[in-house]
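Participant: The structure is given below, and queries will be raised subsequently.
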Amino acid sequence: MRTDTLELLAPAPGLSAWLTVHRFGKPDAGPKAFIQAALHADEVPALLVAHHLRPLLQAAEAEGRLRGEVLLVPAANPPGLGQQLLGQHHGRFQLADGVNFNRFVPDLTDAVAAAVAGSLGDDAGANAAAVRRALAEAAAALRATEPAADLKRRLLQLAADADIVLDLHCDSEAVMHLYALTPQADMAAELGALLGAQAVLLATESGDSPFDEACSATWLKLAQRVAPRPLPLGCFAVTVELRGQADTGHAQAAADAAALMAFLARRGVVDAAPGALPAARCQPTPLAGSEPLEAPHAGVVVFHRAPGDRLEVGEHVADVVCPLSGQVTPVHTGTAGVLYARMATRWAAPGAPLAKVAGATATRSGKLLSA
Ligand SMILES: [Zn+2]
Numbered sequence: 005m006r007t008d009t010l011e012l013l014a015p016a017p018g019l020s021a022w023l024t025v026h027r028f029g030k031p032d033a034g035p036k037a038f039i040q041a042a043l044h045a046d047e048v049p050a051l052l053v054a055h056h057l058r059p060l061l062q063a064a065e066a067e068g069r070l071r072g073e074v075l076l077v078p079a080a081n082p083p084g085l086g087q088q089l090l091g092q093h094h095g096r097f098q099l100a101d102g103v104n105f106n107r108f109v110p111d112l113t114d115a116v117a118a119a120v121a122g123s124l125g126d127d128a129g130a131n132a133a134a135v136r137r138a139l140a141e142a143a144a145a146l147r148a149t150e151p152a153a154d155l156k157r158r159l160l161q162l163a164a165d166a167d168i169v170l171d172l173h174c175d176s177e178a179v180m181h182l183y184a185l186t187p188q189a190d191m192a193a194e195l196g197a198l199l200g201a202q203a204v205l206l207a208t209e210s211g212d213s214p215f216d217e218a219c220s221a222t223w224l225k226l227a228q229r230v231a232p233r234p235l236p237l238g239c240f241a242v243t244v245e246l247r248g249q250a251d252t253g254h255a256q257a258a259a260d261a262a263a264l265m266a267f268l269a270r271r272g273v274v275d276a277a278p279g280a281l282p283a284a285r286c287q288p289t290p291l292a293g294s295e296p297l298e299a300p301h302a303g304v305v306v307f308h309r310a311p312g313d314r315l316e317v318g319e320h321v322a323d324v325v326c327p328l329s330g331q332v333t334p335v336h337t338g339t340a341g342v343l344y345a346r347m348a349t350r351w352a353a354p355g356a357p358l359a360k361v362a363g364a365t366a367t368r369s370g371k372l373l374s375a
């Protein structure tokens, strides 16, 4: 394991921030996997899984079982880790301006399309290699003048030419669930089975360029741009939601890390017997079929259903209780599916997202992710 520290844009004179990157295996020897933890910095289960993953990768490297290269960023957002406000940690948004750390990651499609224009042929493998080089060069050329953009640029520079990107997050209170590209449903289902995911949510574009799509959807858009020249989908990127923010048990994190290693083995990054694939706990469903349940007014939230519950249409999920009027408003599902996440706090502002249900039928369009 070699460890690099990459200096980030300094928040102020006299202060410094940096990214730590652990590198395992050899570049260009085989598939490259990029794994980062807690891009939204307050996702501590992801930090713990990365902690348990490191010794597994070190052992694989020491035993000569790494066919490719693995980059592990054990804490993807150090500036966000330091964001305390009145005794509370805030990691999702940059406090200075409210920017979501996992949106508006640079889209390299135009730069790469221009770089490879006229140079691709009929060999899909050669085209993929040319695009991978161009992705690395386009990412290397990115510049940024403010901290959140600088962080996204640095992370994308590490991930842009990867074959596999595992972006480790968590939700408020949740069961294990994944977000991935629709054409990569099979690989997402495989990872979901290994991790015991209870929802696998698919989209070709969820809106506002989250990190996983900045890595994977770029290939999809480039394939359309360079057609009829063949270009495979050269990157599988997935957002892994490691349950809820309070889910930090060692045994569970160790099992999650082992499942990620098993996935790397199945993808040819680690030399190990793949073993049997556990039975899937869910089938992939469209992200556009996920129903966000919202608070109809401000009040105390009383949940009747928990993450992992399978719900029918019209089920009573929660009450919102106004302490002044005494109004108790029940919140029902409009769709059938698994309740895969719910809010961790029990006071709702008007319109607050209470819970999410993974429905099987696409009903929404436009921006599909929460703010
Ligand atoms: Zn997140």
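Counting from 5, one number per residue, gives the positions in the sequence shown under our numbering.
Beta carbons: idealized from backbone N, C-alpha and C, even for Gly.
Is there contact between the stretch 13–25 and the stretch 212–225, where contact requires at least three CB pairs shorter than 8 angstroms?
Facilitator: no
Participant: Under a criterion of Cβ closer than 5 angstroms to any non-hydrogen atom of ligand 1, which residues qualify, in chain order?
Facilitator: Selection output, chain order preserved: H44 and H173.
Participant: By alpha-carbon positions, which one of Y344, Q287, G211 and D165 ends up nearest to R309?
Facilitator: Here residue 309 refers to the residue found at position 305 when the sequence shown is read from its first residue. Answer by Cα proximity: Y344.
Participant: With H, G and I counted as helix, E and B as strand and the rest as coil, what does DSSP make of N131?
Facilitator: Within the sequence shown, numbered from 1, the residue matching residue 131 stands at position 127. Reduced to three states, the DSSP call for N131 is helix.
Participant: Would you check if the distance between the CB atom of A377 and the CB atom of A352 is smaller than 7 angstroms?
Facilitator: Absent from the structure is residue 377, since the part of the chain shown begins at 5 and ends at 375.
Participant: Can you tell me where the beta strand (DSSP E) with C174 in it begins and where it stops?
Facilitator: Locating residue 174 in the sequence shown gives position 170, counting from the first residue. Secondary structure note for C174: its beta strand (DSSP E) is the uninterrupted segment I168 to D175.
Participant: Taking DSSP as the reference, what is the three-state secondary structure of Q40?
Facilitator: Position 36 of the sequence shown, counted from the start, is the residue given in the question as residue 40. The answer is strand: DSSP assigns Q40 an E or B state.
Participant: For the stretch 172–182 against the stretch 197–215, are there 3 or more C-beta pairs whose distance is under 8 angstroms?
Facilitator: At 8 angstroms Cβ cutoff, the stretches touch.
Participant: Pick out whichever of P232, E295, F240 and N81 has its Cα sitting closest to the Cα of P151.
Facilitator: Indexing the sequence shown from 1 puts residue 151 at position 147. When each option's Cα is compared against that of P151, the closest is N81.
Participant: Write down the C-beta distance between L60 and A261 rounded to the nearest angstrom, noting that I regard them as a contact closer than 8 angstroms.
Facilitator: Numbered from 1 along the sequence shown, position 56 holds the residue referred to as residue 60. Numbered from 1 along the sequence shown, position 257 holds the residue referred to as residue 261. Indeed, because the Cβ distance is near 6 angstroms, the residues count as touching under 8 angstroms.
Participant: Kindly indicate which residue of V317, D313, V53 and V304 has the alpha-carbon position closest to the one of V324.
Facilitator: Here residue 324 refers to the residue found at position 320 when the sequence shown is read from its first residue. V324 has its Cα closest to that of V304, out of V317, D313, V53 and V304.
Participant: At which residue ranges does the stretch 57–98 contain complete alpha helix (DSSP H) runs of 4 or more residues, listed in the order of the chain?
Facilitator: 82–85
Participant: Taking the Cβ atom as the reference point for each residue, do K156 and V109 lie within a distance shorter than 7 angstroms?
Facilitator: Within the sequence shown, numbered from 1, the residue matching residue 156 stands at position 152. Within the sequence shown, numbered from 1, the residue matching residue 109 stands at position 105. Cβ distance < 7 angstroms, so K156 and V109 count as in contact.
Participant: Can you grab the Cα-Cα spacing for the pair A142 / V169, in whole Å?
Facilitator: On the sequence shown, residue 142 is found 138 positions in, with the first residue counted as 1. On the sequence shown, residue 169 is found 165 positions in, with the first residue counted as 1. About 18 angstroms.
Participant: From D212, L10, G125 and P78, pick the residue whose C-alpha is nearest to that of A227; which is it?
Facilitator: In the sequence shown, counting from the first residue as 1, residue 227 sits at position 223. Nearest C-alpha to A227: G125.
Participant: Buried or exposed: where does T243 fall if 16 or more other Cβ atoms within 10 Å of its Cβ makes it buried?
Facilitator: Walking along the sequence shown from the start, residue 243 turns up at place 239. T243 is buried by the Cβ-count criterion.
Participant: Quick one: what does DSSP say V1 is sitting in, helix, strand or coil?
Facilitator: Given a span of 5 to 375 for the chain in the structure shown, any question on residue 1 remains unanswerable.
Participant: Output the distance between the C-alpha atoms of A322 and V332, rounded to the nearest integer angstrom.
Facilitator: What you label residue 322 is simply residue 318 of the sequence shown in a count that begins at 1. What you label residue 332 is simply residue 328 of the sequence shown in a count that begins at 1. Approximately 10 angstroms, taken between the alpha carbons.
Participant: For a minimum of 3 consecutive residues, which ranges assigned as the beta strand (DSSP E) are wholly contained in the stretch 213–282?
Facilitator: Runs found: 240–248.
Participant: Mind reading off the beta-carbon distance from F38 to A166? Whole number of angstroms is fine, and I expect it under 8 angstroms.
Facilitator: As a working mapping, residue 38 is identified with position 34 in the sequence shown. As a working mapping, residue 166 is identified with position 162 in the sequence shown. The pair is a contact, with the Cβ atoms about 4 angstroms apart (cut-off 8 angstroms).
Participant: With distances taken Cα to Cα, identify the nearest neighbour of A259 among P334, L52, V48 and T9.
Facilitator: The sequence position of residue 259 within the sequence shown is 255, counting from 1. The shortest C-alpha separation from A259 is found at L52.
Participant: Pair every Cβ in the stretch 5–12 with every Cβ in the stretch 38–50, then say whether three or more of these pairs are closer than 8 angstroms.
Facilitator: no
Participant: Does any residue of chain B have a CB that is nearer than 7 angstroms to the CB of A284?
Facilitator: Of the chains in the structure shown, none is chain B; there is only one protein chain.
Participant: Counting only the same chain and skipping the five closest in sequence on each side, list residues whose C-beta sits under 8 angstroms from that of T367.
Facilitator: Walking along the sequence shown from the start, residue 367 turns up at place 363. Excluding five sequence positions before and after T367, the CB atoms of its chain that fall closer than 8 angstroms to its own CB belong to A292, G293, E295 and T339, given in chain order.
Participant: Does the structure place the stretch 85–92 close enough to the stretch 268–288 that three or more beta carbon pairs sit under 8 angstroms?
Facilitator: no
Participant: According to DSSP, which residues form a beta bridge with H181?
Facilitator: The residue you call residue 181 lines up with position 177 of the sequence shown. According to DSSP, H181 bridges with A203 and E245.
Participant: Within 10 angstroms of its Cβ, does S210 collect 16 or more other Cβ (buried), or is it exposed?
Facilitator: Numbered from 1 along the sequence shown, position 206 holds the residue referred to as residue 210. S210 comes out buried.
Participant: Going by other Cβ atoms of all chains shown within 10 Å of its Cβ, with 16 needed for buried, is Q98 buried or exposed?
Facilitator: By 1-based counting over the sequence shown, the position of residue 98 is 94. So Q98 ends up on the buried side.
Participant: How many angstroms separate the CA atom of A130 from the CA atom of L235?
Facilitator: Numbered from 1 along the sequence shown, position 126 holds the residue referred to as residue 130. Numbered from 1 along the sequence shown, position 231 holds the residue referred to as residue 235. Roughly 9 angstroms between the two C-alpha positions.
Participant: Does the beta-carbon distance from F28 to L70 come in below 7 angstroms?
Facilitator: Taking the first residue of the sequence shown as 1, we reach residue 28 at position 24. Taking the first residue of the sequence shown as 1, we reach residue 70 at position 66. The answer is yes: Cβ separation under 7 angstroms.
Participant: List the residues that DSSP assigns as beta-bridge partners of F28.
Facilitator: Sequence index remark: in the sequence shown, residue 28 carries index 24 (1-based). According to DSSP, which records beta bridges pairwise, F28 is partnered with V74.
Participant: Compute the beta-carbon to beta-carbon distance between P311 and A178, rounded to the nearest angstrom, for a pair I have assumed lies under 8 angstroms.
Facilitator: Within the sequence shown, the letter at position 307 stands for residue 311. Within the sequence shown, the letter at position 174 stands for residue 178. Their Cβ separation, rounded to whole angstroms, is 5 angstroms, which keeps P311 and A178 in contact under 8 angstroms.
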